Amino acid sequence: MPEIEPVALADLTTLRVGGMPERMIEAQTRDELVAALRDVWASGEPWLVVGGGSNLLVGDDPFEGTVVLVRTSGIERLPSPREGHTRVRVEAGHDWDDLVEYATREGLSGIVAMSGIPGTVGAAPVQNIGAYGQEIVETLVEVELIDEATGEVSTVPAADLALGFRTSVLKNHYGSVAPRPAVVLSVTLELRDVGDEAFELSGAQLRQALGVAEGERVTLRWVRETVLATRARKGMVLDDTDPDTRSAGSFFQNAIVSASFARTLPDECPRWPISTTAAPLAAPDRVIPLDDYAGLYPVPVPSLPDVKVSAAWLIEHAGLRKGFHLPRSRAGLSTKHALALTNRGDASAGELAELARYIQSRVQSEFGLILQPEPVLVGVEL
Numbered sequence: 001m002p003e004i005e006p007v008a009l010a011d012l013t014t015l016r017v018g019g020m021p022e023r024m025i026e027a028q029t030r031d032e033l034v035a036a037l038r039d040v041w042a043s044g045e046p047w048l049v050v051g052g053g054s055n056l057l058v059g060d061d062p063f064e065g066t067v068v069l070v071r072t073s074g075i076e077r078l079p080s081p082r083e084g085h086t087r088v089r090v091e092a093g094h095d096w097d098d099l100v101e102y103a104t105r106e107g108l109s110g111i112v113a114m115s116g117i118p119g120t121v122g123a124a125p126v127q128n129i130g131a132y133g134q135e136i137v138e139t140l141v142e143v144e145l146i147d148e149a150t151g152e153v154s155t156v157p158a159a160d161l162a163l164g165f166r167t168s169v170l171k172n173h174y175g176s177v178a179p180r181p182a183v184v185l186s187v188t189l190e191l192r193d194v195g196d197e198a199f200e201l202s203g204a205q206l207r208q209a210l211g212v213a214e215g216e217r218v219t220l221r222w223v224r225e226t227v228l229a230t231r232a233r234k235g236m237v238l239d240d241t242d243p244d245t246r247s248a249g250s251f252f253q254n255a256i257v258s259a260s261f262a263r264t265l266p267d268e269c270p271r272w273p274i275s276t277t278a279a280p281l282a283a284p285d286r287v288i289p290l291d292d293y294a295g296l297y298p299v300p301v302p303s304l305p306d307v308k309v310s311a312a313w314l315i316e317h318a319g320l321r322k323g324f325h326l327p328r329s330r331a332g333l334s335t336k337h338a339l340a341l342t343n344r345g346d347a348s349a350g351e352l353a354e355l356a357r358y359i360q361s362r363v364q365s366e367f368g369l370i371l372q373p374e375p376v377l378v379g380v381e382l
């Protein structure tokens, strides 16, 4: 068992907070990871899996259990049954942005808009990560999982993961347990072969973010470099010299609300309809007794799609500008991006949680909705 001397979780998370665990295991290979998880689960002790630590807010108290560090790596290129496509199977501990760089270098399109996102490949389907209108659900074929309940390893198609906006059956949302407690061992993606040549960039949100006109042709390398520069301006690319990057990225999810609720928000609030490819539900058959029939039958009213609204806009227009912090607190909003809570210097998890609660209360008071945290919270209450 590759057990190592424990280090504080503050040294392993991008928010730089978290107490000392009782025990720590560093799994360098898939077999080590499987064995470590089975051992921890058999003991019944508390456990926490850590990859890049970029989507975690961990409490200040000691963690009374075992932390398993996922340090597996490797990319395997596979044939695809679809012409013009290639599949890649990637170990869970592989750095996500390293994978994007590999895909860019190899001329494989489908994940380049997610350049610069910190963390590991194994966390990507759990969160259904995305940026600029591109999400991993668009390219994910399958994942290899080890289930906590049985310790069994299985290959699960993407369709069985209930991938949605920053969610899946694998994610522990705040206040709830994942529908399928399991750990990702590897991820298989299917990417389009575009090579080094310029191609038409699909996705209106990505084109708008990069200033690319519809029909304009660009290269993968140009897209990656432009996305990285755009994210860096927002403090969303890790940089030890920049306190704005000591964050968990976007701390609150963009809110998903009904179309009717969205109409109560100011017209200036950015919003995007949530598209669905699901077929509309057919109206159920209804039998009306002849004596009750009055010659009229109510026409079903079609429901409008839900709407995604900008959490950053809601925060700023609740009076909390970039750089805001509570008095005497070492936690604050990023000076570049109102959606990122940052550690301005030796902040505690308690200070970050206090700021998050304050933001939630201000937005609820102003707009009538409660923003939900995007990171996984361990030993922290909002």
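For the sequence shown, the UniProt record's numbering assigns the number 1 to the initial residue and increments by one for each residue that follows.
Note that CB positions come from ideal geometry on N, CA and C, so glycine has one too.
As the structure is a prediction and not an experimental result, all values here were calculated from the model.
Are the beta-carbon atoms belonging to V90 and L99 less than 7 Å from one another? A distance below 7 Å separates the beta carbons of V90 and L99.
Can you look up G125 in the DSSP assignment and give me helix, strand or coil? In the sequence as presented, Gly is not what sits at residue 125; that position holds Pro. Looking at P125 - three-state DSSP - the assignment turns out to be helix.
Name the DSSP beta bridge partners of D193, please? DSSP output for D193 lists L108 as bridge partner(s).
In three-state DSSP terms, what is V223? V223: helix per DSSP, three-state reduction.
Take the Cβ of G130 as the centre, count every other Cβ of all protein chains shown within 10 Å, and call the residue buried at 16 or more, exposed below. Classification for G130: buried.
Identify, in the order they occur along the chain, each residue of the same chain with its Cβ nearer than 6 Å to the Cβ of T226, setting aside the five sequence neighbours on each side. Leaving aside the five residues that flank T226 on each side, the residues in its chain whose CB is nearer than 6 Å to its CB run, in chain order, L210.
Using 10 angstroms around the beta-carbon of V177, count the other beta-carbons present and answer buried if the total reaches 16, otherwise exposed. Burial call: exposed.
Straight-line Cα distance separating V40 from E152: C-alpha separation (whole angstroms): 14 Å.
Report the three-state DSSP secondary structure of P6 (helix, strand or coil). P6 falls in the coil class under three-state DSSP.
Need the endpoints of the alpha helix (DSSP H) that D31 sits in, please. From DSSP, the alpha helix (DSSP H) with D31 extends over R30 to S43.
Beta-bridge pairing of F63 - partner residues as DSSP gives them: Partner(s): P21.
Where does R30 land, buried or exposed, given buried means 16+ other C-beta within 10 angstroms? R30 counts as buried, since no fewer than 16 other beta carbons sit within 10 angstroms of its beta carbon.
6 Å CB neighbourhood of E144 in its chain, flanking five on each side removed: Residues of the same chain with a CB within less than 6 Å of the CB of E144, apart from the 5 flanking positions on each side, are T155, L185 and S186 in chain order.
In angstroms, rounded to a whole number, what distance separates the CA positions of G52 and T14? If I take the Cα positions, the gap works out to 8 Å.
Tell me which residues share the same chain as P181 and place their Cβ nearer than 6 Å to its Cβ, disregarding the 5 neighbours each side in the sequence. If we look at P181 and ignore the five residues flanking it on each side, its Cβ neighbours are E148.
Relative to the C-alpha of V194, which candidate in L69, R16, E366 and G84 has its C-alpha closest? Comparing Cα-Cα distances from V194 to each of L69, R16, E366 and G84, the minimum goes to G84.
Please confirm if the region 195-209 is in contact with the region 68-87, defined as three or more CB-CB distances below 8 Å between the two stretches. No, the region 195-209 is not in contact with the region 68-87.
Return the bridge partner residues of F199 from the DSSP annotation. V218, per the DSSP bridge assignment.
Residues in its own chain within less than 8 Å of P243 by CB, not counting five upstream and five downstream? Hits under 8 Å: T342, N343, R344 and G345.
Looking only at its chain, what residues have a beta carbon closer than 6 Å to the beta carbon of S334, apart from the 5 residues adjacent to it on each side? Cβ within range, chain order: G235, D244, A340 and T342.
Can the beta-carbon of V137 be found less than 7 Å from the beta-carbon of L163? For V137 and L163, yes; Cβs fall inside 7 Å.
Could you tell me how far apart the beta carbons of residue 391 and C269 are, in whole angstroms, since I believe they sit closer than 8 Å? Past the edges of the chain, shown from 1 to 382, lies residue 391, and the structure says nothing about it.
Using the rule of at least 16 other Cβ atoms within 10 Å of the residue's Cβ for burial, across every protein chain shown, is T118 buried or exposed? Reading the sequence as shown, one finds Pro at residue 118 and not Thr. Flag for P118 reads buried.
Can you tell me the Cα-Cα spacing of A97 and A349, whole angstroms? The identity of residue 97 in the sequence shown is Asp, whereas the question assumes Ala. Each residue's alpha carbon lies about 27 Å from the other.
Are three or more beta carbon pairs between the region 314-324 and the region 22-29 nearer than 8 Å? With a cut-off of 8 Å, the region 22-29 and the region 314-324 do not count as touching, because too few Cβ pairs lie within range.
Cβ neighbours of W47 in the same chain (closer than 6 Å, five flanking residues each side left out): The residues are V40, G65 and T66.
My output table needs one value for L371: the three-state DSSP class, helix, strand or coil. L371: coil per DSSP, three-state reduction.
Supposed close pair G110, L189 - CB separation, criterion 8 Å: Taking a contact as a CB-CB distance under 8 Å, the pair G110 and L189 counts as one, their CB atoms being some 7 Å apart.
Quick check on E214: buried or exposed, where buried means 16 or more other Cβ atoms within 10 Å of its Cβ? Its Cβ having fewer than 16 others within 10 Å, E214 is exposed.
Would you mind reading off the limits of the beta strand (DSSP E) that contains E142? Element bounds for E142: L140 to D147.
Cutting at 7 Å between CB atoms, please list the residues of its own chain near D61, excluding the five before and the five after it. Residues of the same chain with a CB within less than 7 Å of the CB of D61, apart from the 5 flanking positions on each side, are G19 and G379 in chain order.
Taking just the CA atoms, how far does S80 sit from V363? Each residue's Cα considered, the two are about 47 Å apart.
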